[in-house]
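One structure is given below, encoded as structure tokens.
There are 2 protein chains.
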Amino acid sequence: MSRFTLDCFLESGNAYKAALMLELSGADWEARRVAFFTGQTRSPEFREMNIMGEVPVLTDHRPGGDLVLSQSGAILDYLAGVLGQFGATDESERSEILRWLLWDNHKLTSYTATYRFMNHFQNKTDDPVTQFFHARAVGAWKVLDAHLASRDFVVADRPTIADLSLCGYLFWPGQIGMDPDAYPNIQAWLGRIAALPRYKRPEDLMPSGMDPATATA
Amino acid sequence: MSRFTLDCFLESGNAYKAALMLELSGADWEARRVAFFTGQTRSPEFREMNIMGEVPVLTDHRPGGDLVLSQSGAILDYLAGVLGQFGATDESERSEILRWLLWDNHKLTSYTATYRFMNHFQNKTDDPVTQFFHARAVGAWKVLDAHLASRDFVVADRPTIADLSLCGYLFWPGQIGMDPDAYPNIQAWLGRIAALPRYKRPEDLMPSGMDPATATA
């Protein structure tokens, strides 16, 4: 058995954040498919493991007993500690990393992922709710693009878990309704992430959460 | 000068999270008013201090030089470290606290605060966007209520910064459209927080962010 099991599916950018961290760090891990599109995360069995009803969920099969953890940001922070990569080198960096992890969850991913779901998976592109989320996402992308104008990575002069969190949904510009040319600093930064050793795209790291019959229809 | 300055306004539940932490910990702090409702957080001067354009912003006037930090969750984590209160006692608690801080930002506060803004401050109660956020907020409240069914506080047998984060908007049931009776475990938990020594409500900790002419109209 691998050291780490990640409950995930490739369509989830939040799961991708954790999967990318595991892969870039060279960890011994395996993906366990969650059938999101047929409701598995809302099942009583899944809620038993994670009351929040969400992927990703990381299990660390430690010698002292399994640790089970959800929330991509908490997983990234945990993995940075046990794998010794992409973490902070001092307290000041630690606070800045946490600051950007929280902002990602509150503002960037929250709006971007909901827009993507309604636009790409539900085909509700013209719905006023969908458009509201897109406008909020655009506001967040502008902040990130401005922040990256004078730096290669979000917090330090090297990639940290803040970068791995923030990029989770941004490699799908079409699905999230982003015009790449409007965010040149984000594009350059995504290029630097994609150039990291062992980098892989979501579809090369995780199984689909769609019902096979639907997915191939 | 006080040790800590908090840029804030009483109508912000995110600012309240930090103000409550400072007050419950007996810190030497002062509130600095941000005129949110006339656009101060979107001004170039404010963005210079916090590119995210948001309150709260904490300044710690340390002997070695000021530390400036935004994002309520990052501020709570920082203050738990320097004040030695409401923090984790081991790595397992630390991960759980971070997990709930992130979930609060991504799911509970994100939806609750946006609903409250549109419902209470913009009078857009019947707007489909407003109703969408309310439905998402209700989903989050149900998760929190279920989690609190068997425990006094969110992570440990004592209050931590996870509790101080999650409660930020929940003392305004009318404004957030919450029927208190539907969430008995949340109500009992809020009662335990309100019973803590030095507890104060937002209006007793921070100045209003409204234009005085508007606020008294």
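Protein chains in written order, with our numbering: chain A, 1 to 217; chain B, 218 to 434.
Glycine included, each C-beta is placed from N, C-alpha and C at the ideal position.
Owing to the predicted nature of the structure, the values given are computational and were not obtained by experimental measurement.
| Asked | Found |
| --- | --- |
| Cross-chain neighbours of H106 of chain A in chain B, by beta carbon under 7 angstroms | N322, H323 and S327 |
| Proximity test, Cβ basis, 8 angstroms: Q257 of chain B and chain A | no |
| Cβ separation of L22 of chain A and W29 of chain A, assumed to be a contact under 8 angstroms, to the nearest whole Å | 4 angstroms |
| Coil, strand or helix - A31 of chain A by DSSP | strand |
| Whole-Å CB distance - D77 of chain A paired with L315 of chain B, under 8 angstroms assumed | 6 angstroms |
| Selection from A:L83, A:A80, A:E91 and A:F86 that minimises the alpha carbon distance to Y299 of chain B | Correcting the residue identity first, residue 299 of chain B is Val in this sequence and not Tyr. Ranking A:L83, A:A80, A:E91 and A:F86 by Cα distance to V299 of chain B puts A:E91 first. |
| S110 of chain A, enclosing alpha helix (DSSP H) - first and last residue | T109 to R116 |
| Within 8 angstroms, strictly: CB atoms of V355 of chain B and V129 of chain A | no |
| Endpoints, the beta strand (DSSP E) within which F350 of chain B is located | No beta strand (DSSP E) holds F350 of chain B; the alpha helix (DSSP H) holding it covers P345 to H364. |
| Chain B contact for H147 of chain A (CB, 8 angstroms cutoff) | yes |
| Selection from B:D396, B:I393 and B:W320 that minimises the alpha carbon distance to H364 of chain B | B:W320 |
| Cβ-Cβ distance between A27 of chain A and S312 of chain B below 8 angstroms | no |
| Reference D163 of chain A; option with closest CA among A:A18, A:P212 and A:A135 | A:A18 |
| Three-state class that DSSP yields for F303 of chain B in the structure shown | coil |
| Beta-carbon proximity list for K324 of chain B, same chain, < 6 angstroms, skipping 5 on both sides | A357 |
| Alpha-carbon to alpha-carbon, P390 of chain B and K124 of chain A | 31 angstroms |
| Straight-line Cα distance separating L144 of chain A from L170 of chain A | 11 angstroms |
| Under 8 angstroms between C-beta atoms of P273 of chain B and S260 of chain B | no |
| Range of the contiguous alpha helix (DSSP H) that encloses L315 of chain B | E308 to W320 |
| Reduced DSSP secondary structure (H/G/I, E/B, other) of F4 of chain A | strand |
| Any C-beta of chain B under 8 angstroms from that of M52 of chain A | yes |
| C-alpha gap between T255 of chain B and F133 of chain A, whole angstroms | 23 angstroms |
| Three-state secondary structure (DSSP) of D374 of chain B | coil |
| Residue range of the alpha helix (DSSP H) that includes R201 of chain A | R201 of chain A -> no alpha helix (DSSP H), and no H or E assigned at all. |
| H61 of chain A, DSSP secondary structure in three states | coil |
| Buried or exposed by the 16-neighbour rule on C-beta atoms within 10 Å, applied to P414 of chain B | exposed |
| Limits of the unbroken beta strand (DSSP E) element including L67 of chain A | L67 to S70 |
| Straight-line Cα distance separating P212 of chain A from R192 of chain A | 34 angstroms |
| Members of the region 71-85 of chain A near chain B, C-beta cut-off 7 angstroms | Q71, G73, A74, D77 and Y78 |
| Chain B contact for L69 of chain A (CB, 8 angstroms cutoff) | yes |
| Closer than 8 angstroms to chain A by CB, S229 of chain B | no |
| Enclosing alpha helix (DSSP H) for G391 of chain B [first to last residue] | P390 to I393 |
| Environment of R158 of chain A [buried if 16+ CB atoms lie within 10 Å] | exposed |
| Any C-beta of chain A under 8 angstroms from that of P345 of chain B | yes |
| Closer than 8 angstroms to chain B by CB, V57 of chain A | no |
| Status (buried if at least 16 other CB within 10 Å, exposed otherwise) for F4 of chain A | buried |
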